[in-house]
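Engineer:
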Amino acid sequence: MFYRTILSGCGAYLPERIVTNKELSKTLETSDEWIQQRTGICERRIADNNELTSNLAVNAARNALENSGVSVSEIDLIVLATATPDKTFPATATKVQADLGIFHGAAFDIQAVCTGFIYALNVADNFIKLGQARNALVIGAETFSRILDWKDRRTCVLFGDGAGAVVLSAAEKGDKRGILSTHIRSDGRHQDLLHVDGGPSSTMTVGYLRMEGREVFKHAVTNMSAILLEALAENKLEANDIDWLVPHQANKRILDSTAKKIGLPAEKVVLTVDRHANTSAASIPLALSEAAGDGRIKQNDLVVLEAMGGGFTWGAAVIRW
Ligand code: ACO
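Using my numbering, read the sequence shown as starting at 14 and increasing by one per residue.
Right under this line is the structure:
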């Protein structure tokens, strides 16, 4: 028996503390002008010392549940995308599950860095399609501020903390809305271009994010436009059919170049990178939550998601809202 998956609701949570480019330039050799020109970023949110990834995730999940009308007791799957888990193990998703008071079903983490939300959506969609779950929470939550080298101006200005979530549900028979397809890819040959130096199985404890920015930029535009066109073709759709593109928010220049490459007007791209910076797996559900919440995304709109991240990993999803 195959079911279709619909998005019943979106939610978001951002830490209170706003750090502007100007504030960064007080301790770092950088400027508001450089950061805005190269990335489109004006400010980012930074989690409090006592705020962990699971805390951000729980707040976003509660918000998504409220907006969906699905009750906590109906959730039978939690898939949490994060590259900044609370602990090496257990999965941060199990902490979120316990904090939400859910003691049934399954909860686990997905690690695909900035593509994590699309990977998590793919996994949860397949669970629902196969009838193995009825209502799933898919969350992207990150505290990248903890893995940044705050002395490295080439990386630390680019990222922020936050969480976003969606509730997925099995559609009623005949409902034409929902996830039309998801597409995920990876190519591990490029892992050194964007990585964190250290980890539980290596000789050092968790280190800092390291990135070859120019190389990542080139791969990002090529891979994201290719997967986007592939996703549209599979659904016999064209760029013209897209109502809203909700991309991973890494850099405004990457978003502009990708949209241009597939011939999509900039007005159809949901943009949050200016206020959130790059929140990795959280950026797509944060942007979705904003655009659905303020009424930009309407029922039956064609919404396309896309992302690329460390690994490299990349992916896309096509949704009839
Ligand atoms: N402030 C001021 N100057 C800086 C800063 C800064 N924060 N960072 C770097 N510079 C300097 C460099 O030192 C360099 O100076 P030099 O010429 O004297 O050596 C100069 O600016 C140019 O540096 P580049 O790295 O060549 O700058 P570039 O135009 O490539 O922009 C950037 C850098 C913004 C990182 C860009 O390469 C980029 O956006 N790459 C994509 C990376 C990304 O978004 N990754 C996110 C994760 S992957 C994903 O989510 C898709």
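C-beta atoms are modelled at their ideal positions from N, C-alpha and C, and glycine is treated no differently.
Would you please state the rounded distance, in angstroms, between the beta carbons of residue 198 and residue 326? I believe it to be under 8 Å.
Structural biologist: Between residue 326 and residue 198 the Cβ distance is about 7 Å, and since that is below 8 Å, they are a contact.
Engineer: Residue 138 by DSSP, collapsed to three states: which one?
Structural biologist: Looking at residue 138 - three-state DSSP - the assignment turns out to be helix.
Engineer: Going by C-alpha distance, which of 323, 301, 31, 284 is nearest residue 20?
Structural biologist: Residue 301 is the option with its Cα nearest to residue 20.
Engineer: Output needed for residue 250: all residues of its chain with C-beta closer than 8 Å, excluding positions within five of it in sequence on either side, in chain order.
Structural biologist: Closer than 8 Å at Cβ, skipping near neighbours: 315, 331.
Engineer: Considering only residues of the stretch 179-207, which uninterrupted beta strand (DSSP E) runs meet the minimum length of 3 residues and lie entirely inside it, listed in chain order?
Structural biologist: With a minimum length of 3 residues, the continuous beta strand (DSSP E) runs that stay inside the stretch 179-207 are 191-199.
Engineer: Less than 7 Å between the C-beta atoms of residue 91 and residue 133, yes or no?
Structural biologist: No; because the gap between Cβ atoms is not below 7 Å, this pair is not in contact.
Engineer: Following a CB-centred definition, is residue 233 positioned closer than 6 Å to any heavy atom of the ligand MN?
Structural biologist: The ligand MN is not among the ligands present in this structure, which contains only the ligand ACO.
Engineer: Grab the span of the beta strand (DSSP E) containing residue 24 for me, first residue to last.
Structural biologist: Note, residue 24: beta strand (DSSP E), 18-26.
Engineer: So what does DSSP say about residue 275, is it helix, strand or coil?
Structural biologist: If DSSP states are grouped into helix, strand and coil, residue 275 belongs with the helices.
Engineer: Given this structure, state the Cα-to-Cα distance separating residue 291 from residue 157, to the nearest angstrom.
Structural biologist: Each residue's alpha carbon lies about 9 Å from the other.
Engineer: Over the uninterrupted alpha helix (DSSP H) stretch that includes residue 240, give me the two end residues.
Structural biologist: Element bounds for residue 240: 226-247.
Engineer: On the CB-based measure, 16 or more other CB atoms within 10 Å of its CB, does residue 85 come out buried or exposed?
Structural biologist: The residue is exposed, with fewer than 16 neighbouring Cβ atoms inside 10 Å.
Engineer: Residue 52: beta carbon under 6 Å from a heavy atom of the ligand ACO?
Structural biologist: Yes, since a heavy atom of the ligand ACO falls inside the 6 Å radius drawn around the Cβ of residue 52.
Engineer: Judging by CA-CA distance, which residue of 266, 52, 236, 241 is the nearest neighbour of residue 253?
Structural biologist: For residue 253, the nearest C-alpha among the options comes from 241.
Engineer: From which residue to which residue does the beta strand (DSSP E) around residue 122 run?
Structural biologist: Segment 119-123, the beta strand (DSSP E) holding residue 122.
Engineer: I'd like the span of the alpha helix (DSSP H) that includes residue 301, first residue to last.
Structural biologist: Looking at the DSSP string, the run of the alpha helix (DSSP H) that includes residue 301 is 296-306.
Engineer: When you compare each of 287, 179, 87 to residue 306 by their alpha carbons, which one comes out closest?
Structural biologist: For residue 306, the nearest C-alpha among the options comes from 179.
Engineer: Using the DSSP secondary-structure output, state which residues sit across from residue 37 in a beta bridge.
Structural biologist: Residue 37 is not bridged to any residue.
Engineer: Between which residues of its own chain and residue 233 is the CB-CB distance below 6 Å, once the five residues before and five after are set aside?
Structural biologist: Hits under 6 Å: 267, 321.
Engineer: Can you determine whether any heavy atom of the ligand ACO sits closer than 6 Å to the C-beta of residue 68, and answer yes or no?
Structural biologist: Not under cutoff, so the answer is no.
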